[in-house]
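Following: one structure in structure tokens, then a few remarks.
Right, dumping it as structure tokens:
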């Protein structure tokens, strides 16, 4: 998980309460605490959580105590740190059981992963990150250590670019302003690249990131839109030593078709198709 996302969460959510009386700040802070835990940081102390969320230490103590009482956090064995409890896992299992759209397109994701030797990911937006909810691994020698549940900062991932490119111009500009902290020193270049990606998306159905963050890494991604025209899912594929022409002419169109398939499957799942 990108540790910057929880840091941003507490401040941005606090600002939201000034204009939204329905927003429950205490609940948002509790969720920010839970988001601090991931595969890289399975155990955390309250001081670490306070640093990641930028919340006062006494507030973190109270939040963690409450989450422990409810079973969402538990004491780690032989440690004074905390870890995720079974109550969180139960919610995750329910979410998966209630309709996994990703399973419907997984065969195509696997096919693309085999074709490229890279990984293909399906993600959703969660605050300032893309949260991976489905992933197919190729057999290439250089694969990023990512899995379901991993997070990618929106500003520094092709999946994030696809999401931004799919937004209306005014919403995209607002999102880019919010994401400045993810790209210190490169925001102006990022903004120009995302605007170019939006133009590419309009004509091809996908975006292409050619070595923006590393000269040897090329990636393509495509958004799947909901009924309101907002990006709901993103699918992406990228890695080192993938030829730009191959990614543009073959993999990009495949991902675009995959994204359109997600839209159809989502409509069927919601009972809105036909």
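In our numbering, the protein residues as written are 62 to 335. From the three backbone atoms N, C-alpha and C, an ideal C-beta is built for every residue, glycine too.
Legend entry - Host alpha helix (DSSP H) of residue 126 (start-end): For the purposes of this step, residue 126 is taken as the residue at position 65 of the chain shown. First-last of the alpha helix (DSSP H) with residue 126: 118-130.
Inset, instruction - Would you tell me roughly how many angstroms separate the C-alpha atoms of residue 249 and residue 191, rounded to the nearest one? - result: Counted from its first residue, the chain shown places residue 249 at position 188. Counted from its first residue, the chain shown places residue 191 at position 130. Going from the Cα of residue 249 to the Cα of residue 191 covers about 21 Å.
Legend entry - Segment contact, 8 Å Cβ cut-off, at least three pairs: the segment 238-249 with the segment 282-295: The segment 238-249 is not in contact with the segment 282-295.
Inset, instruction - Closer than 8 Å by C-beta to residue 159: which residues in its own chain qualify, once you throw out the five before and the five after it? Chain order, please. - result: Your numbering for residue 159 matches position 98 in the chain shown. With a pLDDT of only 49 at residue 159, under the threshold of 50, the placement of this residue in the model should not be trusted; the figure read from the coordinates follows. Within the same chain, no residue comes within 8 Å of residue 159 by CB-CB distance, once the 5 residues on both sides are set aside.
Inset, instruction - Check whether the Cβ of residue 323 lies closer than 8 Å to any heavy atom of the ligand NAD, and answer yes or no. - result: For the structure depicted, the ligand NAD is absent and the ligand set is empty, with no information on it obtainable.
Inset, instruction - Taking only beta-carbon positions, decide if residue 287 is within less than 9 Å of chain B. - result: Among the chains of the structure shown, chain B does not appear; only one protein chain is present.
Inset, instruction - Pair every Cβ in the segment 126-141 with every Cβ in the segment 165-181, then say whether three or more of these pairs are closer than 8 Å. - result: Segments in contact, no.
Inset, instruction - Can you say whether residue 143 is buried or exposed, counting buried as having 16 or more other CB atoms within 10 angstroms of its CB? - result: Counting from one through the chain shown, the residue named residue 143 turns up at place 82. Residue 143 counts as buried, since no fewer than 16 other beta carbons sit within 10 angstroms of its beta carbon.
Legend entry - Top-ranked residue by Cα proximity to residue 129, from 231, 118, 149 and 119: On the chain shown, position 68 is the one that residue 129 refers to. It is 149 whose Cα lies nearest to the Cα of residue 129.
Legend entry - 8 Å contact criterion, which residue 296 and residue 183 should meet: CB distance rounded: Numbered from 1 along the chain shown, position 235 holds the residue referred to as residue 296. Numbered from 1 along the chain shown, position 122 holds the residue referred to as residue 183. Contact holds; Cβ gap of about 5 Å.
Legend entry - Residue burial classification, residue 319 (beta-carbon count within 10 angstroms, cutoff 16): Within the chain shown, residue 319 is the residue found at index 258, counting from 1. Taking a 10 Å sphere around the C-beta of residue 319, we find 16 or more other C-beta atoms and assign the residue as buried.
Inset, instruction - Report the residue ranges of all beta strand (DSSP E) runs contained in full by the segment 258-297; include only those spanning at least 3 residues, in chain order. - result: Runs of the beta strand (DSSP E) inside the segment 258-297: 268-271 and 278-286.
Inset, instruction - Leaving aside the five residues before and after residue 309 along the sequence, list all residues of the same chain whose C-beta is less than 7 Å from its C-beta, in chain order. - result: Mapped onto the chain shown, residue 309 falls at position 248. Excluding positions up to five away in sequence, the list reads 269.
Legend entry - Inter-residue CB distance, residue 209 and residue 193 (contact presumed, cutoff 8 Å): Locating residue 209 in the chain shown gives position 148, where the first residue counts as 1. Locating residue 193 in the chain shown gives position 132, where the first residue counts as 1. Rounded to whole angstroms, the Cβ separation of residue 209 and residue 193 is 6 Å, and the two are in contact under 8 Å.
Legend entry - Beta-bridge partners of residue 308, as assigned by DSSP: Here the question's residue 308 lines up with position 247 in the chain shown. Paired residue(s): none; residue 308 is not in a bridge.
Inset, instruction - Report the rounded CA-to-CA distance for residue 294 versus residue 213, giving the unit in angstroms. - result: Counting from 1 along the chain shown, the entry for residue 294 is found at position 233. Counting from 1 along the chain shown, the entry for residue 213 is found at position 152. Each residue's alpha carbon lies about 14 Å from the other.
Inset, instruction - Note down the Cα distance separating residue 180 from residue 103, rounded to an integer number of angstroms. - result: As a first step, residue 180 must be located in the chain shown, where it is residue number 119. As a first step, residue 103 must be located in the chain shown, where it is residue number 42. The straight-line gap separating the alpha-carbon atoms of residue 180 and residue 103 is approximately 24 Å.
Inset, instruction - Would you give the residue range spanned by the alpha helix (DSSP H) that residue 234 belongs to? - result: For this step, residue 234 is matched to residue 173 along the chain shown. Per DSSP, the continuous alpha helix (DSSP H) segment holding residue 234 begins and ends at 230-239.
Inset, instruction - Alpha carbon to alpha carbon, how far is residue 221 from residue 189? Give it in angstroms, no decimals. - result: Looking up residue 189 in the chain shown gives position 128. Looking up residue 221 in the chain shown gives position 160. Per the coordinates, the alpha-carbon of residue 189 lies some 9 Å from the alpha-carbon of residue 221.
Legend entry - Residue span of the alpha helix (DSSP H) that contains residue 112, given as start and end: Locating residue 112 in the chain shown gives position 51, counting from the first residue. Element bounds for residue 112: 107-114.
Inset, instruction - Identify every residue that forms a DSSP beta bridge with residue 144. - result: Counting from one through the chain shown, the residue named residue 144 turns up at place 83. Answer by DSSP bridge pairing, in chain order: 135.
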